[in-house]
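Engineer:
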Amino acid sequence: MKILVVDDETDVKVLFEQRFRKEIKSNELEFAFAFSGEEALRYMQENEHEAVLILSDINMPGMSGLELLKHIKEKYEKPPPKVMMLTAYGDSDNYNEAMRLGADDFLTKPVDFSALKEKLKTK
Amino acid sequence: MIRKTFFLLFLLTTSILCQAQDAVVDQKKLDAGRRNPDSNFVKYLTNAGVAYYMKAEKNDSAEAFLTQAAAVAERINYIPGLQDARDHLAQYYYNWGRLSQSLNMLKKSEALAESIGDSASLFSNLRQETQIYMRTGNMKMLRSILNRRQVMIDNKSIKDLSDTSYFVMSQNNSLGLYYALPQINKQDSVKYYFSKLYNLGKVSDNYNLWLQLGSGGLAGYFSSKQIYDSAFYYYKLALSGSLLGKRMDNYNAMMILLAKSYNKAGQTDSSFKYAYQVYNSASSHSYLSVIYSSAGLLANLYKQQSKYDSAVKYMTIESQYKDSVSGNEALQNIQAIASEQQFKEMEQQKAKEDAVTAYKATLKTWFFAGGLLLLLLIIAFMYRTNKQRSRSKIEIEKAYHNLKDTQSQLIQSEKMASLGELTAGIAHEIQNPLNFVNNFSELNTELIEEIKTAIDKNDYEEVKTLAKDVDENEQKILFHGKRADAIVKGMLQHSRSSTGVKEPTDINALCDEYLRLSYHGLRAKDKSFNATMLTDFDDSIGKINVLPQELGRVILNLLTNAFYAVHEKALAATSDPTAIKYEPTVTISTKRSGSPSGAEGLLITVSDNGNGIPQNVIDKIFQPFFTTKPTGQGTGLGLSMSYDIITKGHAGTITAETIEKKGTTFKIILPL
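Chains A and B, in that order, are what the protein sequence lines are.
Quick note: the first sequence, position 121, residue 680 per the working numbering, numbers continuous.
Quick note: the second sequence, position 539, residue 731 per the working numbering, numbers continuous.
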């Protein structure tokens, strides 16, 4: 399964690669990284629905995670990729907005990787 | 005494004017008189002075001639001449609003008249004092003077006291004016006294003055009763009488009253017409008291019509003349003089007893006493002023401290308000590093377990790789821990009062930190908010001595405003489908440049591509409490505080440039 991680924090790449190094080694999971919403859209255009799951931050300069979510859910009619939101803001406003736009899950930072792994396995 | 009376009447009619005016220019007579001063020379100088001041124009000749006349009369001991000159000087001072000088002159004259038993002169002095107290509104003194005059008439202490005599008529006039005062306002009495003047004036050519004053007074009565037809009729009678009698002072006064009456009657056009006429004529003659009252009237008229520009213009003119006509200074002097009246009267009594022995010696004593009294007055006045001053000083200090307290409270609330805007940004900025700290720590625990397993297997290649990962993760933990630390420190710094000590500060880092904080703060508050942030930092600037939290506050404020501006424009653009695509952008940059003094400086610019600031607003943006945000959303202190921090705290400059629809650029220049 391929996962596209969208976050403006570049250290996220190192973190995910280390956290999932066993899964990466065993080819269980494959990761791609984008550091802005715009970059994520470009990646998806170039790779034509390759990513089956998107993990996106919300608060990013330029296009926000929610805008990215809206874009994906509106543009890709069937089947749109799964989008999980990953944010420092766990407030109900953000949560409700993400759900309204069709988010498949909503996780807060700091990321609980064991919980994340569980979720990825069931998806 | 008779001659004195005669002269008074003479003065009030017109014939003297022409005679005196002709005489004024005769230099030969002046030279001859100065060589051999006699009583005729005193009269000559007095007439010349009177001729000048009757023209009701501003010039110093009247005062110069009259002062000289008094001096010569005193030197040659010509008492009637001395009295005349002083009376006219008093009237002259009165006409030009120099009320305290006028009163002083009258008191001198009064003392002299009493000492030689000249009741006619005394009455005339008291008449003039009546005018002064009417103008200053001192009702207590006014009543006392009117009583003294009435007693003189009732006791028949003046020779000619028939019902049509000058003295009785003058008293009638004063009583009419007294009852017309707004504080008294007994209109039946007003009508009674002015009717007497009017009836006498109508049948007597010589007493033209009574016609003027009587008509004017009756007009005032009818105006107060709102019977305007009659009021206008009598005012116009008074005006033509004043013109015939060449009494420009009465003429001007009647014109103003007529204009006021028209305004009261709702005939604003006529009111404007007369007010302008008298204002223009008074301006061309520099007749201060008339300029003052007519300007006041015009200001009022314009105010009624809501033409505030013109109203302000005339109010300004009015206030320019206020001090010279009825200013506080004059009022205070007169009150001081009046309150010393009793004391002075005692002194006069004593001097009178001495006067019995030698007439000349009395005079000398009197002038000495007068001087002493004046000195006492000055001391008393200074003492009072000083006391008042120290009292008002305490009050001012108290008010100042209250103001200071309020100001610091306001500044604190402004700081807290901007801190509130930051909170959400700060939460985000701390959660992110914490995410890394927690996860990399957990990872390292896992890795160390793996290292242990690898050691057991003697797989040292694996141990090396894992140890390298642990080390890298440790670096990340340290880095993000420090990042969170810096954010918390910045937040504390922001809310703390300034230490007032400048520290070497990395301006680029400061700008970058506040850019992130303010952006994320706004983003957290409003999900739809979005903007591109651009930075252009000059890496060569190094560390610069500034008050970091203060400067940070300025930058935060400018950035928040910039984000607010682009957000407003973006919202307008989304609701208007025809609008061209808009990319909200905020740019912050630093650069070495010339400072205001020409030396090297640091330029910090914060610019946005919002809608710009309208021209009528840009002049006010640095004023305290000025805000364009809706009530409750801005304290209006942000930019004014920023202005103070940059100009007072750093000796720098802060300016705003704006182009409507294109955006705004704030430039801060700090001297290095």
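Virtual Cβ for every residue (Gly too), placed ideally from N, Cα, C.
1. Could you pull the start and end residues of the alpha helix (DSSP H) that B/ILE861 belongs to?
2. Tell me, please, which residues DSSP counts as bridged to A/PHE592.
3. Starting from B/LYS332, trace the alpha helix (DSSP H) in both directions and tell me its first and last residue.
4. In chain order, what residues of the same chain lie with their CB nearer than 7 Å to the CB of B/GLY488, ignoring the 5 residues before and after it?
5. Can you find the residues in the same chain that come closer than 7 Å, C-beta to C-beta, to B/SER311, ignoring five residues on each side of it along the sequence?
6. Counting only Cβ-Cβ distances shorter than 9 Å, please list the residues of the stretch 723–748 of chain B near chain A, keeping chain order.
7. Using 8 Å as the threshold, is the C-beta distance between B/LYS234 and B/ALA265 below it?
8. Cα separation between A/LYS678 and B/LEU795?
9. Which chain A residues are close to B/ASP661, counting only those with a beta carbon under 9 Å from its beta carbon?
10. Whole alpha helix (DSSP H) runs in the stretch 738–802 of chain B with 4 or more residues, listed along the chain?
11. Ordered along the chain, which non-local residues of its own chain (more than five positions away) have a Cβ less than 7 Å from that of B/SER416?
12. Of all Cβ atoms in chain B, is any one closer than 8 Å to the Cβ of A/SER585?
13. Applying the criterion that 16 or more other CB atoms from any shown protein chain within 10 Å of the CB defines a buried residue, is B/GLN534 buried or exposed?
14. Roughly how many whole angstroms lie between the Cα atoms of B/SER531 and B/THR577?
15. Rounded to the nearest angstrom, what separates B/ILE308 and B/SER432 at their Cα positions?
16. Going by beta carbon distance, what residues of the same chain come within less than 6 Å of B/LYS859, once the five residues before and after it are set aside?
17. Over the uninterrupted alpha helix (DSSP H) stretch that includes B/ILE324, give me the two end residues.
18. Restricting to Cα atoms, I'd like to know which of B/LEU750, B/LYS660, B/TYR244 and B/ASP728 is closest to B/LEU158.
19. Can you tell me whether DSSP reads B/ASP214 as helix, strand or coil?
20. Nearest to B/ASN801 by alpha carbon, out of B/THR766, B/ASP836, B/MET725 and B/TYR494?
21. Is the separation between the beta-carbon of A/LEU588 and that of A/LEU628 shorter than 8 Å?
22. Which first and last residues belong to the alpha helix (DSSP H) in which B/GLU255 is found?
23. Around the C-beta of B/PHE721, are 16 or more other C-beta atoms found within 10 angstroms, so that it is buried, or is it exposed?
24. Identify which residue in B/ASP279, B/ASN287 and B/ARG290 has its Cα closest to the Cα of B/LYS300.
25. Give the list of continuous alpha helix (DSSP H) stretches no shorter than 4 residues that lie fully inside the stretch 664–727 of chain B.
26. Starting from the Cα of B/THR554, find the closest Cα among B/PRO272, B/GLN219 and B/LEU304 and give me that residue.
27. Can you tell me the Cα-Cα spacing of B/GLY437 and B/ALA430, whole angstroms?
28. What would DSSP say about A/LYS641, mapped onto helix, strand or coil?
29. Taking the continuous beta strand (DSSP E) assigned at A/ASP664, which residues delimit it?
30. Who are the Cβ neighbours of B/ALA372 in its own chain at under 6 Å, not counting the five residues just before and after it?
31. Of all the CB atoms in chain B, is at least one closer than 8 Å to the CB of A/PRO669?
32. My output table needs one value for B/ALA282: the three-state DSSP class, helix, strand or coil.
33. Could you tell me whether any Cβ in chain B is nearer than 8 Å to the Cβ of A/PRO639?
34. Can you find a CB in chain A that lies within less than 8 Å of the CB of B/ARG715?
35. B/ALA619 versus chain A: which residues are under 8 Å apart at the beta carbon?
36. So that I know if they touch, is there some Cβ in chain A lying closer than 8 Å to that of B/ASN801?
Structural biologist: Quick answer:
1. Not the alpha helix (DSSP H): B/ILE861 falls in the beta strand (DSSP E), residues 855–863.
2. A/VAL564
3. From DSSP, the alpha helix (DSSP H) with B/LYS332 extends over 331–346.
4. GLU510
5. MET344, SER349 and ILE350
6. ALA723, THR724 and MET725
7. Just to set this straight, residue 234 of chain B is Val in the shown sequence, not Lys. For the pair B/VAL234 and B/ALA265, the CB atoms are nearer than the 8 Å cut-off.
8. 52 Å
9. GLN577 and ARG580
10. 740–767
11. GLN379
12. no
13. In this prediction, B/GLN534 has a pLDDT of 44, which is less than 50 and means its spatial position is unreliable; nothing more can be read from the coordinates.
14. Note on B/SER531: pLDDT 48, under 50, position unreliable in the model; the coordinate value appears next. Straight-line spacing of the CA atoms in B/SER531 and B/THR577 works out to 14 Å.
15. 40 Å
16. THR797 and THR847
17. 311–328
18. The structure shown does not extend to residue 158 of chain B, since chain B is modelled only from 193 through 864, so no value can be given for it.
19. For B/ASP214, the predicted model reports a pLDDT of 44, less than 50, meaning its position is unreliable; a value from the coordinates is still stated below. If DSSP states are grouped into helix, strand and coil, B/ASP214 belongs with the helices.
20. B/MET725
21. no
22. 253–267
23. buried
24. B/ASP279
25. 699–717
26. Residue B/LEU304 holds the alpha-carbon nearest to the alpha-carbon of B/THR554 among B/PRO272, B/GLN219 and B/LEU304.
27. 10 Å
28. strand
29. 664–667
30. Cβ neighbours of B/ALA372 beyond the five flanking positions: VAL382 and GLY412.
31. yes
32. If DSSP states are grouped into helix, strand and coil, B/ALA282 belongs with the helices.
33. no
34. yes
35. ALA647 and TYR648
36. Not closer than 8 Å to any Cβ of chain A, the Cβ of B/ASN801 fails to qualify, so no.
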